[in-house]
Every structure is written in C-alpha cells, then in structure tokens.
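Okay, structure coming up:
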C-alpha cells in the first residue's frame, strides 16, 4: 500500500513538472493596441535586460507586437519586458510582460490597449485585469 502511494506521488510530481515546463517553454506574443482619443499616434519604447525594441510609433487603430522565448535559469522563468508609453502630454511606464505575473494571467498572448484611461491588460479570458493610468 505504501509503495503505491509513493508511486502515485512521484507520478503526480512528474506530470505537474511536465505541464509547468511545457508552459514555460512556449513562445510568448505581446501586442499593444492604440485606441487613444483624438486618433493620436501612441509612442512606445519597450525593452528587456537583453533586448531594446526601439521607439515605436503606433497609429490610431494600429498595433505593435513582438514574440520571444522565455528566459530560464536553473529554477525560475525570469523574462521581463517593460515599456514607456506616451501620447500628447500623457505618459506612463509599466511591465508589458513579467513572467511571474503573466504566465498564468495571459498565457501565450499578452494584450495591452492604450485608451483614454491608460494602458490596460487583458487576461486569457479577455477581461481587463491590469491598468497603468496616465500621469
């Protein structure tokens, strides 16, 4: 009996580790949509520790997107992309992808929309669940 419990525990750990590694090895897509008022151009500058994506000028109704693989160290997924956003006199900075927050929140597609309120993220169910208000 005790052997079957140990075997079941080992099997459960292996299955969970396999699921976790599959999720952590997926390619991630980040998309930033421009829906700011006055049909203005949104200026975005995103970077990570290793990559600078440059300044992007997103026309009203347009989007900027990029795809990447996650960074791993021995035990953790460490990928972080942060962006500065501005249009007219409004500005804000925020994380476009933080592995700790976003692997479960948005899965493979992390969508952000800039509008009159600020820059908001939607989760994998299409619900607004994060916002960086304009300053």
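Residue numbers (my numbering): 1 to 135. Cβ atoms here follow ideal geometry from the backbone N, Cα and C, with glycine treated the same way. Remember, predicted model here, so these are calculated numbers, not experimental data.
Three CB pairs or more closer than 8 Å across the segment 33–41 and the segment 49–66
A contact is defined here as three or more CB-CB pairs under 8 Å, and the segment 33–41 meets this definition with respect to the segment 49–66.
Candidates 87, 27, 111 and 26: closest to residue 39 by CA position:
Considering only 87, 27, 111 and 26, the residue with the shortest C-alpha distance to residue 39 is 87.
C-alpha gap between residue 97 and residue 37, whole angstroms
Between residue 97 and residue 37, the alpha-carbon positions lie close to 25 Å from each other.
CB-CB under 6 Å to residue 121, same chain, minus the five flanking residues each way: which ones, in chain order?
Correct list, in chain order: 112 and 130.
Less than 8 Å between the C-beta atoms of residue 103 and residue 119, yes or no?
Going by C-beta atoms, residue 103 is not nearer than 8 Å to residue 119.
Please work out which residues of its chain come closer than 8 Å, Cβ to Cβ, to residue 105, disregarding the five sequence neighbours upstream and downstream, and give them in chain order.
Non-local C-beta neighbours of residue 105 in its own chain, meaning closer than 8 Å and more than five positions away in sequence, comprise 121, 123, 124, 129 and 130, ordered along the chain.
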